[in-house]
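Residue numbers (my numbering): 2 to 278. Even for Gly, the Cβ is constructed at its ideal location relative to N, Cα and C. Note that the coordinates shown come from a computational prediction; the quantities given were computed from them, not determined experimentally.
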């Protein structure tokens with residue numbers, strides 16, 4: 002039985018190609034270039050499918066040493082815990098990470114899902130990378146390879162004369178080194194062995210970096226600090242430290258912080274990227 006051949010049908014939107022036609026004045030065939038469809042017909046305006054009923058997912062990425070990429074883990078549950086000996090993710094080779102160090106949790110706030118980063122009373126703390134933050138005496142920050150704490154200037158002490166001391170003129174007394182240190186605001190660098198180095202802070206603020214021509218707080222012995230790494234200034238909200246687009250960033254210790262769609266935090270010496278998908 003003879004069957005008629007089936008002519009293939011092009012999918013919608015494919016360019017239509019005219020059959021070759023003889024060129025004028027010749028007996029040769031010429032090939033026409035496919036005509037492009039108008040932009041309105043080829044533009045894809047369809048939105049990609051996203052779930053609307055179930056909670057959102059997120060990804061955390063354990064960044065490789067000195068790198069910007071690393072191993073990824075998807076967060077599908079409401080809580081994920083990271084630690085050195087226990088948790089959903091275990092990082093056993095970093096002795097500065099506590100057994101159960103930090104938790105990432107998904108919660109409903111005002112009928113919307115939000116993500117939170119919570120330090121689990123760890124020994125060495127959890128640090129979040131920030132663009133700027135307030136300087137508080139009890140909240141350390143990381144600049145380059147070291148932690149720093151802000152020490153405000155103390156008020157001058159008032160020495161009341163003893164009751165048994167007769168009233169009279171007191172002789173001049175030079176302030177001690179401890180008195181001068183106590184009366185001067187400073188950014189205190191804390192080394193891993195606990196030793197401290199004071200960097201006095203001018204009252205009108207300071208820039209921090211390796212360049213003595215631009216910075217009032219000069220960190221000459223840390224190769225991970227930029228020429229101008231950060232700046233400290235007094236505002237109506239108090240003392241603020243702001244990162245100057247440095248390579249290694251500015252980090253602040255947190256007990257709990259609500260996260261945006263992306264963030265980077267550090268536990269021990271492990272840096273971790275978080276992002277909502």
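Look at residue i and residue j and say whether their C-beta atoms are less than 7 Å apart.
i: residue 203; j: residue 185; result: no
i: residue 115; j: residue 259; result: yes
i: residue 220; j: residue 211; result: yes
i: residue 102; j: residue 84; result: yes
i: residue 226; j: residue 145; result: yes
i: residue 60; j: residue 73; result: yes
i: residue 77; j: residue 58; result: yes
Between the Cα of residue i and the Cα atoms of the options, which residue gives the shortest distance?
i: residue 238; options: 92, 102, 136; result: 136
i: residue 245; options: 134, 68, 91; result: 134
i: residue 152; options: 235, 111, 199; result: 199
i: residue 256; options: 142, 118, 82, 66; result: 118
i: residue 139; options: 130, 129, 132, 150; result: 150
i: residue 205; options: 195, 236, 91; result: 236
i: residue 154; options: 240, 215, 93, 70; result: 240
Tell me which residues share the same chain as residue i and place their Cβ nearer than 6 Å to its Cβ, disregarding the 5 neighbours each side in the sequence.
i: residue 147; result: 190
i: residue 12; result: No answer about residue 12 holds up, because its pLDDT of 48 lies below 50 and its placement is not dependable.
i: residue 65; result: 71
i: residue 195; result: none
Quick one: Cα of residue i to Cα of residue j, how far?
i: residue 187; j: residue 265; result: 27 Å
i: residue 254; j: residue 49; result: 38 Å
i: residue 234; j: residue 123; result: 30 Å
i: residue 272; j: residue 89; result: 17 Å
i: residue 222; j: residue 75; result: 39 Å
i: residue 267; j: residue 128; result: 5 Å
i: residue 82; j: residue 228; result: 37 Å
i: residue 249; j: residue 224; result: 11 Å
i: residue 51; j: residue 213; result: 52 Å
i: residue 91; j: residue 130; result: 22 Å
i: residue 46; j: residue 53; result: 19 Å
i: residue 120; j: residue 141; result: 14 Å
i: residue 62; j: residue 215; result: 36 Å
i: residue 193; j: residue 110; result: 39 Å
Note down, in chain order, each residue of its chain lying with its Cβ closer than 7 Å to the Cβ of residue i, except the 5 sequence neighbours on either side.
i: residue 197; result: 189, 190, 191
i: residue 308; result: Since the displayed the chain opens at 2 and closes at 278, residue 308 lies outside it and no answer follows.
i: residue 100; result: 84, 85, 86, 87
i: residue 113; result: none
Which residues in the same chain have their Cβ closer than 8 Å to the Cβ of residue i, if we skip the five residues on either side of it in sequence?
i: residue 263; result: 274, 275, 276, 277
i: residue 231; result: 144, 208, 209, 210, 242, 243, 244, 245, 247, 251
i: residue 79; result: 56, 106, 107, 108
i: residue 93; result: 85, 86
Could you pull the start and end residues of the beta strand (DSSP E) that residue i belongs to?
i: residue 116; result: 113-120
i: residue 208; result: 207-210
i: residue 193; result: Neither: residue 193 is in no beta strand (DSSP E) and is coded neither H nor E.
i: residue 80; result: 80-84
i: residue 76; result: 71-76
i: residue 236; result: 231-236
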